[in-house]
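Residue numbers (my numbering), protein chains in the order written: chain A, -17 to 613; chain B, 14 to 207.
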Amino acid sequence: MNKLKGTFGDGNDAIAWAAQDASVNYISHYPGSPVNRVIDVLEADLHDESYIINHALNEHIAALSVMGTSLCGARSLLVMKHVGLNIAADPLNYSAVIKIKGGMVVVVGTDPGARTSTGEEDVHWYAAQFNLPLLEPTSVQNTYDCVKQAFEISEQTQLPVLVFVPGRIAYQSSLISRQKEEVSARSFLFEKDPENLINVNVRAVKNHRKHILRLQAFQQEYSQSNQTYFNPQASFGIVTRGASYSVCCEVIESLGLTEKVHLLNIELTYPLNINGFLVFAKNKKKVIIIEDQDGFLETMIKREAFGKVSCEVHGKNIFPIWGEISDEQVRDYLSEEFECKAPSNTVFSTALGQLDSPERPGSFCEGCPHRSSFYGIDKALNNQSCKSGGVYSTEMYSTGIIGGDIGCSSLPPHRTDWLLCMNAGIGISQGIAHLLPDQPLVSTGGEGSFFHGGVISLQSAVENNINLTHIIFDNRSVAMTGHQDSPTSSGKTDLGMLLKSIGVKHIFEVDAFVSSELTKAIEDAKQLEGVKAIWVQGDCALQPSAESLRRYKERTLIIHNELCDGCSLCYEELQCPAIVKDKKHTPPLLNDDSQLDHKRILQIDLNLCRRCAACLDVCPNNAIEVIDPND
Amino acid sequence: MINLIISGIGGQGINSLAKVLANVLLQSGYHCQFTIHKGGAQSLGSVYAEFRIDDQKLPTLGQGIPKGQLDILISLEPWEALRHVSLAHPKTQFWVETQLIPLFIERANERSIESPHAQLDALPEIKIHWESYQDIAQQKAETIKMANYFAGLNCILAINSHVNFSIKSKPNNIDTDLFDTLFFKQIPKAKKIT
Ligand code: SF4
Ligand code: SF4
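1. From ILE158/A to LEU74/B, what distance separates their C-alpha atoms?
2. Mind checking who MET62/A pairs with in its DSSP beta bridge?
3. Look at the Cβ atom of VAL109/B, then the Cβ atom of HIS142/B, and state whether they are nearer than 8 angstroms.
4. Among ASN603/A, ALA494/A, ASN457/A, ALA1/A, which has the Cα closest to the Cα of ALA596/A?
5. If contacts are defined as beta-carbon pairs under 8 angstroms, then GLN76/B and SER228/A qualify, I think. What distance do you get, rounded to the angstrom?
6. Is TRP(-1)/A helix, strand or coil by DSSP?
7. Check whether the Cβ of CYS322/A sits closer than 7 angstroms to any heavy atom of ligand 1, and report yes or no.
8. Give every residue of the same chain whose Cβ lies closer than 6 angstroms to the Cβ of THR501/A, excluding the five residues on either side of it in the sequence, and list them in chain order.
9. May I ask whether a heavy atom of ligand 3 can be found less than 7 angstroms away from the beta carbon of ILE561/A?
10. Please report how far the alpha carbon of HIS567/A lies from the alpha carbon of ASN447/A, in whole angstroms.
11. Could you tell me whether any non-hydrogen atom of ligand 2 is closer than 7 angstroms to the CB of GLU235/A?
12. Are the stretch 152 to 161 of chain B and the stretch 132 to 142 of chain B touching by the rule of at least three beta carbon pairs closer than 8 angstroms?
13. State the Cα-Cα distance for the pair SER406/A and ASP564/A, rounded to the nearest angstrom.
14. In three-state terms, what does DSSP make of LYS104/B?
15. For GLN69/B, go through chain A and note every residue whose CB falls closer than 9 angstroms to its CB, in chain order.
16. Report yes or no: do the stretch 22 to 38 of chain B and the stretch 58 to 66 of chain B share at least 3 C-beta pairs separated by less than 8 angstroms?
17. Given that PRO103/B touches chain A, what residues does it touch there, using C-beta distances under 7 angstroms?
18. Along the chain, where does the alpha helix (DSSP H) containing PHE278/A start, and where does it finish?
19. Is any beta-carbon of chain A found at less than 8 angstroms from that of LEU34/B?
20. Would GLY485/A be called buried (16 or more neighbouring beta carbons within 10 Å of its own) or exposed?
21. Taking the DSSP output, what are the residues bridged to PRO343/A?
22. Could you tell me whether the stretch 503 to 522 of chain A touches the stretch 340 to 352 of chain A, where touching means 3 or more Cβ pairs closer than 8 angstroms?
23. When the Cα atoms are used, what is the spatial distance from GLU505/A to PRO422/A?
24. Flag THR98/A as yes if its beta-carbon sits less than 8 angstroms from any beta-carbon of chain B, otherwise no.
25. Across which residues does DSSP place ASP(-8)/A in a beta bridge pair?
26. Starting from GLY209/B, trace the alpha helix (DSSP H) both ways and give me its first and last residue.
27. Going by the C-beta, is ILE586/A closer than 7 angstroms to any heavy atom of ligand 2?
28. Please determine, among THR189/B, LEU83/B, LYS204/B, GLU144/B, the residue with the shortest C-alpha to C-alpha distance to LEU113/B.
29. May I ask you to list, following chain order, the residues of the stretch 227 to 245 of chain A that have a beta carbon less than 9 angstroms from some beta carbon of chain B?
30. Is it the case that the stretch 285 to 294 of chain A contacts the stretch 311 to 322 of chain A, given that we only count it when at least three CB pairs across the two stretches are under 8 angstroms?
31. Starting from GLN198/A, follow the alpha helix (DSSP H) in both directions and report where the run begins and ends.
32. Round the Cβ separation of ALA164/B and ILE85/B to the nearest angstrom and send it over; I've been treating them as touching at under 8 angstroms.
33. Is GLY548/A close to ligand 1? I mean its beta-carbon at under 7 angstroms from any heavy atom of the ligand.
34. Please work out which residues of its chain come closer than 6 angstroms, Cβ to Cβ, to ILE206/B, disregarding the five sequence neighbours upstream and downstream, and give them in chain order.
35. Counting C-beta neighbours from all protein chains within 10 Å, is the total for PRO611/A 16 or more, i.e. buried, or is it exposed?
36. Does ligand 2 have a heavy atom nearer than 7 angstroms to the CB of LEU524/A?
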């Protein structure tokens, strides 16, 4: 058998490689899953490519900087996740009228099913709001093709082009074939252009009109967007976009419906050129639009095809607008429509489906500074710590409020009281504190989100004389999305001075791995008026400093079982995964009823332990010992 | 076609194993696509890689393995094997690490969950091959981190024994030496086996 050639890549690789092969000149981004790896790939090749990478501190800045480079004629790529588009939306509303010179492509990682996000917001409606072309790839290879194509379209229309890549394509891998475009070297120049760039009054309306005309011309011309599959004679039609295309194809094949169904996939979902659909729908009795989430394509089709087709057109009246369209949903629907019987395999597996494994949502790593920080916060607020790890129960909260932000600090066991958007820690807390000054409350957030927008929020609290304690978890890394540098790890920003200069009067610096320090700082801050900041310092366990590495190599930890009284604070409340029950005792011990002995068998698994010593401060009986040759 | 899942938890090296396996398959003349599911956490969450493998060009396939079509499950942890049983059929091969990694909810409420071992053994028609990847890794490479290597060898074994009834023509058996070579080439920090 012949060996096959090609390179495996996932959706992230496809985006990065397409940008390289389209000779991208400038990239700006804000890290976010599912497209967090794009920049890693681009950065790894930086030495033999000639592009510039801008690591923006938020999406708003990323979008504006890319508009700047594109105006100078540079091919520019902007990358962010779906919720980032909210932050970038203000500038992107202007991106069409300015008549960019170099191709500008906006890649957005979407997340139907909320695999890696706090929400599954459907950002499709932004395409219609910005009035920008939107391409939706169906596979990894197609992602590569679409991103390259997007640069072409962008230069042709002088409009930025959106490409939406959902999580299931971003994390899928298959062979990608690449082809480098021959693009001649460019020289970059900003040309003054008040007609398009001073966008105000009458000119704003004129520019808006010119923008729409460019978009409409493109809508009429661009014909390669529609692909049809299976039997053109069939009276039953399915329309797909993005990831739902391959799901439908597999189900149609496996149910043996290739003769009975005609499928149309639409790649350019905005602006929609309806002609392809009208031709497709001509001989149909029934057409069903199968897409993830809100029914954007259905809305566009119904808007453009109104009064022009005679068949039934269905969509979100049948499929849910939440979550991903699953194989099972499509299978159930089509087997009922065509009265196919479920294969026996499925019957068997449906019976097995009764079994389930409890959710394992991940947690703070061993040696993570956030674990002991939350332990310290709970102690200060007298909260019952979350004994039910990962399971949401109202029991776990008492009166003290912990304002939560996005980032690793928001990982299970979810000790904060909310987990919503970036900057919600300081933001929501400040409203509550303003209204209820006596409510015990701390707001939290990592340094990543502090620089993303938190600085301004905290300054706002200062300006409004709000009585607020904000805790900044400075782990010197934007850890959750792949350990990008933050302004504190790059060493370019002095966080202490910054806090002082925006008017924060009381700044506490504490060691993240000594939770009692944090508890004390919160109690002290409670006695003071105004905005207080607690700067909690401790490196991300996966981005260790030289000192953490030394400790890791040289230290040993042990639990002296004879000193341990079985209080279980380290195991059940601190919940460090490296603190384990003696393996000999599990699982037979499950039937053992002597509570005390049952607990006095804790050990530290040195394979897992990062030697952070957070457990030392937690143990009331000095049962844990750190052996460090340097102490 | 063969549908295969490798499952485990964050930190066990599922991601790197999947990438090695993809290249092994490629160089052995198979076509494949795979998806890695890892959630938002850096560690300790469920992680699994779904493979769709064939000896000819794959048709257009969705990203997930449909119910009743999972042929091989290799799991580095028993709870993470149980998680995927709803995709199985009576002939699915199950290769499962015996050593359990606790779920956090057990920490306060140990007795509330049944052991995954008993539940897996009770599955009708399915026989579980219990494995000790972690122990073998500890013995042969002095670190349980190499458990993914031994699970990988098992993937090759399972695919080779599966080809007869799943793939149309009979392609070459996959060479375990090729797996070994690519594993250490692609994961330079992996610890050598003694
Ligand atoms: S905190 Fe100390 S006394 Fe309590 S269970 Fe842990 S080792 Fe034992
Ligand atoms: S066992 Fe103690 S020192 Fe080791 S990682 Fe856990 S908290 Fe840190």
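Backbone N, C-alpha and C define an ideal beta-carbon position, used for all residues, glycine too. The structure displayed is predicted, hence computed values, not measured ones.
In this structure, then:
1. 16 angstroms
2. VAL90/A
3. yes
4. ALA494/A
5. Correct: roughly 7 angstroms between the Cβ atoms.
6. helix
7. no
8. The residues are GLY358, LYS361, ALA362.
9. This structure lacks ligand 3; the ligands present are ligand 1 and ligand 2.
10. Unreliable placement is indicated for HIS567/A, whose pLDDT of 46 sits below 50; no coordinate value is reported for it.
11. no
12. Under the 8 angstroms Cβ criterion, the stretch 152 to 161 of chain B does not count as touching the stretch 132 to 142 of chain B, having fewer than three qualifying pairs.
13. For the sequence presented, residue 406/A should be read as Ala rather than Ser. Distance between the alpha carbons of ALA406/A and ASP564/A is about 41 angstroms.
14. strand
15. Residues of chain A passing the Cβ test: none, with the nearest at roughly 10 angstroms.
16. yes
17. PHE330
18. 278 to 287
19. no
20. exposed
21. GLY58/B
22. yes
23. 10 angstroms
24. yes
25. SER155/A
26. This structure cannot speak to residue 209/B, because chain B is shown only from 14 to 207.
27. yes
28. GLU144/B
29. TYR227, SER228, VAL229, CYS230, CYS231, GLU232, VAL233, GLU235, SER236
30. By the Cβ rule, the stretch 311 to 322 of chain A does not count as touching the stretch 285 to 294 of chain A, because fewer than three pairs are nearer than 8 angstroms.
31. 183 to 203
32. For ALA164/B against ILE85/B, the beta-carbon gap comes to about 11 angstroms, at or over 8 angstroms, which does not count as contact.
33. For ligand 1, at least one heavy atom lies less than 7 angstroms from the Cβ of GLY548/A.
34. LYS153, ALA154
35. exposed
36. no
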